[in-house]
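2 protein chains.
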Amino acid sequence: MNESTNPIRNAGFRMTGPRKAVFAAITNSPLSASEISQHLKQNDIPHDLATIYRNLELLVRLLLVSKVKFDDNVTRYERADMGHHHHIICDICGKVEDIPLNEDTLLASAISQTTFQIKRHSLEFFGLCKKCQL
Amino acid sequence: MNESTNPIRNAGFRMTGPRKAVFAAITNSPLSASEISQHLKQNDIPHDLATIYRNLELLVRLLLVSKVKFDDNVTRYERADMGHHHHIICDICGKVEDIPLNEDTLLASAISQTTFQIKRHSLEFFGLCKKCQL
DNA sequence: GACTTATTGCAAATGATTTGCAACAATAGC
DNA sequence: GCTATTGTTGCAAATCATTTGCAATAAGTC
Numbered sequence: 091m092n093e094s095t096n097p098i099r100n101a102g103f104r105m106t107g108p109r110k111a112v113f114a115a116i117t118n119s120p121l122s123a124s125e126i127s128q129h130l131k132q133n134d135i136p137h138d139l140a141t142i143y144r145n146l147e148l149l150v151r152l153l154l155v156s157k158v159k160f161d162d163n164v165t166r167y168e169r170a171d172m173g174h175h176h177h178i179i180c181d182i183c184g185k186v187e188d189i190p191l192n193e194d195t196l197l198a199s200a201i202s203q204t205t206f207q208i209k210r211h212s213l214e215f216f217g218l219c220k221k222c223q224l
Numbered sequence: 091m092n093e094s095t096n097p098i099r100n101a102g103f104r105m106t107g108p109r110k111a112v113f114a115a116i117t118n119s120p121l122s123a124s125e126i127s128q129h130l131k132q133n134d135i136p137h138d139l140a141t142i143y144r145n146l147e148l149l150v151r152l153l154l155v156s157k158v159k160f161d162d163n164v165t166r167y168e169r170a171d172m173g174h175h176h177h178i179i180c181d182i183c184g185k186v187e188d189i190p191l192n193e194d195t196l197l198a199s200a201i202s203q204t205t206f207q208i209k210r211h212s213l214e215f216f217g218l219c220k221k222c223q224l
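Protein chains in written order, with the numbering used here: chain G, 91 to 224; chain F, 91 to 224.
Spelled out as C-alpha cells, the structure:
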C-alpha cells in the first residue's frame with residue numbers, strides 16, 4: 091500500500107503503528123473493540139484500548155469501517171466496503187453470518203433462505219422526521 | 091385492576107408501589123430506564139434506578155414489556171401488547187414513530203410510506219445456527 | 001396482628017466507552 | 001538526515017448504563 095493509495099494518509103492523517111494494526115484487525119465479521127484488543131494481544135502487538143476506540147472512530151469517519159449494533163449494548167465494527175447487508179446472529183454461540191437481502195426482498199423469503207432457526211429480528215429506520223427535514 | 095386480572099400477582103409476584111409505578115410509566119413509545127426515572131421524579135414519586143431496572147427485567151420476563159434497541163448503547167422499553175412492529179427514529183430530535191411493516195411487505199415500499207427522510211436502517215436476525223439447533 | 005420472605009434503597013461494583021494530559025513519534029521543510 | 005510542528009499514543013481517571021450485595025422494609029399469608 092503506497093502513499094497515494096492509502097486513504098488514511100490521503101485524508102491527511104498519520105499512518106501510525108497502532109492505527110495500522112487496528113485497521114488490519116477489521117474483518118468482514120463484526121468485532122467489538124475488546125475483541126480487537128484481544129486479537130492484538132494474541133499477536134503480541136502492544137496497544138491501548140483507548141487508542142483502539144479513537145482509531146475505530148476515525149476509520150468510521152473516513153468511511154473505511156462501519157459500526158454494527160446487535161442485541162447487547164456493545165458496538166461492533168466491520169469493513170465498510172462490503173456493501174449494504176444484514177446479519178443473522180446465533181443466540182447460543184454468537185456465530186454471525188451475513189444474510190442476503192435487498193430492498194426488493196420480502197422479509198419472509200429472506201427469513202426462509204437460511205440454515206438458522208430464526209427466533210426474532212430487529213428492524214429500525216433512522217433519518218429525519220418531517221419537522222427536522224430542511 | 092383486581093387480583094384475578096393482574097398478571098404480576100397472578101405470576102406470584104408482589105404488587106408493590108415502585109413496581110406499579112414502573113409498569114404505569116411504560117408507554118407505546120420506547121423509554122430508557124433513566125427516562126422512566128425522570129418521569130417518576132417529575133411526578134414526585136420517590137424511587138431508585140436499580141429498582142427500576144429490576145422491575146423492568148421482571149416485566150420483560152412476564153412478557154408485559156419488550157426491550158427495544160436503537161443505535162446508541164441504551165436499552166429502551168415499551169408495552170409488549172402492541173404486536174410486532176418496527177420503529178423509525180429521527181437523527182436530530184430523536185422522535186420515534188412506529189412503522190407499518192410485516193413479513194409480506196417489501197422494504198422499499200415500507201420506506202416510501204413515511205413522512206421521514208430515511209438515511210439508513212438496521213436489520214438483524216436472531217436465532218440458532220445449524221450447529222446450535224439441538 | 002405477627003410471620004415469612006420478596007422487594008427496596010443505597011452504595012459499591014462492573015463493563016463499555018470517553019477524555020485530559022504529558023510524553024512521544026510521524027511528517028514537512030530545511 | 002536533522003529539527004520543529006503537531007497529530008497520536010499510553011495511562012489514568014472520568015462517564016454512562018447497568019448490575020449486584022446486603023441490611024432494612026413491607027406485601028401477602030394465616
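Note that CB positions come from ideal geometry on N, CA and C, so glycine has one too.
Close Cβ partners of residue i (< 8 Å) along its chain, the five nearest in sequence each way excluded
i       : result
K159(F) : T165 and R166
A115(G) : L121, I126, H129 and L130
L224(F) : none
K185(G) : I179
Reference residue i, options the options, closest by Cα
i       : options                               : result
A111(F) : P136(F), T95(F) and G173(F)           : P136(F)
L213(F) : H175(G), K221(G), Q203(G) and K185(G) : H175(G)
N192(G) : K185(F), I201(F), G184(F) and F103(F) : I201(F)
D161(G) : K209(G), R104(G), K220(G) and T95(G)  : K209(G)
G217(G) : F216(F), G217(F), C222(F) and T205(F) : T205(F)
Buried or exposed (CB count within 10 angstroms, at least 16 for buried), residue i
i       : result
P97(F)  : exposed
I182(G) : exposed
E147(G) : exposed
Chain-ordered chain F contacts of residue i [CB-CB under 8 Å]
i       : result
K110(G) : Per Cβ cutoff of 8 Å: no residues; K110(G) is ~27 Å from chain F at best.
T195(G) : L196 and L197
Same chain only: Cβ atoms within 7 Å of residue i, ignoring 5 sequence neighbours per side
i       : result
M172(G) : N118
A101(G) : L152
Closer than 9 Å at the beta carbon, the chain G residues around residue i
i       : result
S212(F) : V158, K159, H176, S212, L213, E214, F215 and F216
Neighbourhood of residue i by C-beta distance below 6 Å, restricted to the same chain and skipping five residues each side
i       : result
P108(G) : H137 and T141
E187(F) : I178
Contacts that residue i makes with chain F (C-beta to C-beta distance below 7 Å)
i       : result
T117(G) : What T117(G) touches in chain F: nothing, since even the nearest Cβ is about 18 Å away.
Q207(G) : G217, L218 and Q223
Chain G contact residues for residue i, given Cβ-Cβ distances below 8 Å
i       : result
D181(F) : F216, G217, L218 and C222
Per-residue contacts from residue i into chain G (C-beta, under 7 Å)
i       : result
I189(F) : F215
K131(F) : By Cβ distance, chain G contributes nothing, its closest Cβ being about 24 Å from K131(F), past 7 Å.
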